[in-house]
Amino acid sequence: MMNIIRKLGELMTSMNLSETETAYFKRFSRWKIIVILLMVTLVFTITSAVTIGPMQIPPLDVLKVIVRNLPLLGTFVEGGSLPLEEAVVIQVRLPRILAAAIVGIALSVAGVVLQGLLRNPMADPYVIGISAGAGLGASLAITFGIGFSLLGVLNSVPLMAFITALCTVFMVYNIARKGGGVPMLTLLLVGIAVNSFLSAVISFIEIVSGEALHVIIFWILGSFAVCNWNYVKIALPFVTVGVVLIYVFARDLNIILLGEEQAQHLGVDTERLKKIMLASASLITAAAVSISGIIGFIGLIIPHIVRILVGPDHRILIPSSALSGAIVLILCDTIARTIIRPAELPVGIITSLLGCPFFIYLLRERKGSVIWQGR
Amino acid sequence: MSKIFNEILHEWVDIPEKPKRIASLSSSVTEILVELGLMEKLVGVTYWCSPYLKGVEKPAFASVDKADYKLLEKIKPDIILTTSGIHRNLALELHSKGYNVFPIPLANNLFEIISNVLIIGTLVDKQREARELATKLSIEIETSMVDVRFEERPRVYTEIWPQKFSITFGGLAFINDVIYVAGGYNVFSEKPLTYFTADFNEVAALNPDLMIFIFENPREMREVDISSLVDIRAWRNVKAVKRGKIVTALQRNLPLTHSGPSFVKTIKLLHARFEELGFFGK
């Protein structure tokens, strides 16, 4: 592969491409390699995760079962049926793992967007109130039975979480709006304030919830234990549309890193960009949180690590973060469901245990960067 | 009156032989005029000229791209002097409205600053004073030049107005010279550009020893968190960041963008900062 790239590089040079074009081509080739490697890793992670569980299933059997259930390809798989393995893989493990992948993608990409818009690497998808909003909806549904089910297949908890998450973001956005625009700092502060307020309301609901308290807490801590194919089918379209829309604006996100005024001078409609990006990030985060609960640190840590590895260009940062987020969250969920077998830990505990020390390390690394200031 | 063809405007401009009422659209031109002893004849300036007026108040009639024509009617300048670059469009507008505007080339290096002193001196009938000032500046450049081997020069990345415009500069900007004379080396020296926004990946690849961020005012300096900026641009592994060699300064304290005679003070200030940060003599 490297020889091919080198030869293509020589060919490009001999074609007298500008230095910028050659540099871009080399960078773009590197990006493709990164994305392909991550996709291969994700497939490997999914397959490995499916094999892990109380019932040992060989990887080859896992692959046979998966391929047999794919449209068109299923007829090409030879061998007898594996009904028990099929039930475990298809009905129990795979939807859960795919849900973890979808949530990992959503939270990571939303984290990239928020960090880019706020130009602050300590931002995460929950800063604008989504987590507290979703928690409120879930708490109301669990404690008081408020809500409805969708087509008889999806119960009220994820639906209420989704709706209240989006309502909260809408409220935060409108409170923060000044004139025709939304100052990002104001948005952040209003998000913090609303998060605090709604967290207090959730705490009150927990106090009066009685027996439902442990259900609320388990939900808030984040888990894929109840995820089935319906959850995947509901979340996937929202996350897909949101992520694709975000990627379409990857170049504009690069430009806004220079500053809003500079971005405007370079032709970016910054207010429109902020609206679309906030809406997309909110949509995918709400979809994720509605099926998994509140899983912390993925949206903060993954973009941060990936940025160190691939650089700040959103055209590679977004897909790399998406794939990395999926891989990491699948691994965390696998640990969560196996570490105290037969019981399960909420996956949010695993991500917090890993994420908190890393967050503290980031904060410490950032101290003392500037040694001469403003005289 | 003389008629001179101005290559920047691509027009003939009427220049009075001994102008009595001079306006300036550029802080570097204002400083040159003051240094030539023309404070009394200076009737109008821009909003950024106040640091160079030595405490004297003068009417500010223009920003970068807009002029207050009512004020201009009152001050009635014989000639309006400015530089090319960012002021060019306003210069064209004023010329089209019948004012005698003469833009001089924006300095690409320190010697062009001296050249501009001579041009302005000729335009305002202060040739002798301009020659003296030019000679003084030439000597000061030579005495300020730091004798440092190329390998010992800190490689410097400078950014002006971070997260507002985030502009850096290439080999065709005079700031390049200021950094070189002060003992450093602009990482984008070899780019045949004046001012531009850098590719963050390219800055990381160039791996500067020192980063300088210049802010327009204290509010912006407070609002921009350099640590966040460094993280979001994936610059954690850049030498300047790892070694903590990051400098932030207000434009008025480190006027790198000012191409007037006080560039010598800026060179000395910058050199002093390089020494404080331990770049020489280790």
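So the protein lines, in turn, are chains A and B. Note that the working numbering has the first sequence beginning at 64, numbered continuously upward. Note that the working numbering has the second sequence beginning at 122, numbered continuously upward. Just so it is clear, CB atoms sit at the ideal spot from N, CA and C, and this is done for glycine as well. Nothing here was measured: the structure is a model prediction, and the numbers come from that model.
- Residues of the same chain with a CB within less than 8 Å of the CB of D199 (chain B), apart from the 5 flanking positions on each side, are P137, P140, K141, R142, I143, N221 in chain order.
- Around the beta carbon of Y424 (chain A), fewer than 16 other beta carbons sit within 10 angstroms, so the residue counts as exposed.
- Residues A303 of the same chain have their beta carbon placed closer than 6 Å to that of L391 (chain B), with the five preceding and five following residues left out of the count.
- At least one C-beta of chain A is nearer than 7 Å to the C-beta of Q284 (chain B).
- Within the segment 176 to 204 of chain A, contact with chain B at the beta-carbon level (separation under 8 Å) is assigned to Q178, G179, R182, N183, P184, M185.
- Listed along chain A, no residue sits closer than 9 Å to I335 (chain B) by beta-carbon distance, the nearest being about 10 Å off.
- The C-beta separation of V175 (chain A) from I347 (chain A) comes to about 11 Å, leaving the pair out of contact by the 8 Å criterion.
- Annotation: P172 (chain B) to E178 (chain B) spans about 10 Å, alpha carbon to alpha carbon.
- Cα atoms of L380 (chain A) and I97 (chain A): separation of roughly 10 Å, rounded to the nearest angstrom.
- Only H367, R370, I371, L372, V373, G374, P375, D376 from the segment 353 to 378 of chain A bring a Cβ to less than 9 Å from some Cβ of chain B.
- For M332 (chain B), the enclosing beta strand (DSSP E) begins and ends at 331 to 336.
- Every unbroken stretch of the alpha helix (DSSP H) spanning 4 or more residues and falling wholly within the segment 137 to 207 of chain A is given here in chain order: 146 to 149, 157 to 181, 193 to 207.
- Remark: fewer than three beta-carbon pairs, one from each stretch, lie closer than 8 Å, so the segment 315 to 333 of chain B and the segment 254 to 261 of chain B are not flagged as touching.
- Contact check between the segment 190 to 197 of chain A and the segment 245 to 262 of chain A: three or more CB pairs, one atom from each, fall below 8 Å, which counts as touching.
- Close partners of A188 (chain B) in chain A (Cβ separation under 9 Å) are lacking, with about 21 Å as the shortest Cβ gap.
- For P122 (chain A), the enclosing alpha helix (DSSP H) has its first and last residue at 122 to 131.
- Non-local beta-carbon contacts of F360 (chain A) in its own chain, meaning distances under 8 Å to residues more than five positions away in sequence, involve D187, T414, S415, L417, G418, C419, F421, F422 in chain order.
- The beta carbon of T318 (chain B) falls within 7 Å of a beta carbon belonging to chain A, placing the residue at that interface.
- Within the same chain, and ignoring the five residues on either side of I388 (chain B) in sequence, the residues whose Cβ sits closer than 7 Å to its Cβ are S265, V299, V302, A303.
- Runs of alpha helix (DSSP H) with 4 or more residues, each lying fully within the segment 275 to 314 of chain B, are found at 295 to 302, listed in chain order.
- Contact between D376 (chain A) and A163 (chain A) is absent: CB atoms are separated by about 27 Å, not below the 8 Å threshold.
- Residues of the segment 308 to 323 of chain A with a Cβ closer than 7 Å to any Cβ of chain B, in chain order: L320, L321, G322.
- Fully enclosed beta strand (DSSP E) runs of no fewer than 3 residues occupy 143 to 145, 163 to 167 of the segment 137 to 181 of chain B, in order along the chain.
- Contact check between the segment 333 to 341 of chain A and the segment 269 to 278 of chain A: fewer than three CB pairs, one atom from each, fall below 8 Å, which does not count as touching.
- Between S287 (chain B) and chain A, the shortest Cβ-Cβ separation is below 7 Å.
- As the crow flies, the alpha-carbon of V331 (chain A) is around 21 Å from that of E280 (chain B).
- Taking C-beta separations shorter than 6 Å and ignoring five residues to either side along the sequence, the partners of L193 (chain B) in its chain run F182, following chain order.
- Note on geometry: alpha-carbon atoms of A399 (chain A) and F287 (chain A) lie some 10 Å from one another.
- Judged by DSSP secondary structure, V385 (chain B) falls within the alpha helix (DSSP H) whose first and last residues are 384 to 397.
- Nearest in C-alpha terms to E156 (chain B), of all of B:E253, B:K197, B:L202, B:E128, is B:E253.
- Short of 8 Å from the beta carbon of L159 (chain B), and not among the five residues preceding or following it, lie these beta carbons of its own chain, in chain order: I143, V245, K247.
- Using beta-carbon distances, D330 (chain B) does not count as an interface residue toward chain A, since no partner is under 7 Å.
- Going by C-alpha positions, Q178 (chain A) is about 16 Å away from E344 (chain B).
- Neighbours of I388 (chain B) in chain A, taken as residues at a C-beta separation under 7 Å, are lacking, since the least C-beta distance is about 16 Å.
- Burial is judged here by how many other beta carbons sit within 10 angstroms of a residue's own beta carbon; R335 (chain A) has fewer than 16 and is exposed.
- Taken through DSSP and simplified to helix, strand or coil, W292 (chain A) comes out as helix.
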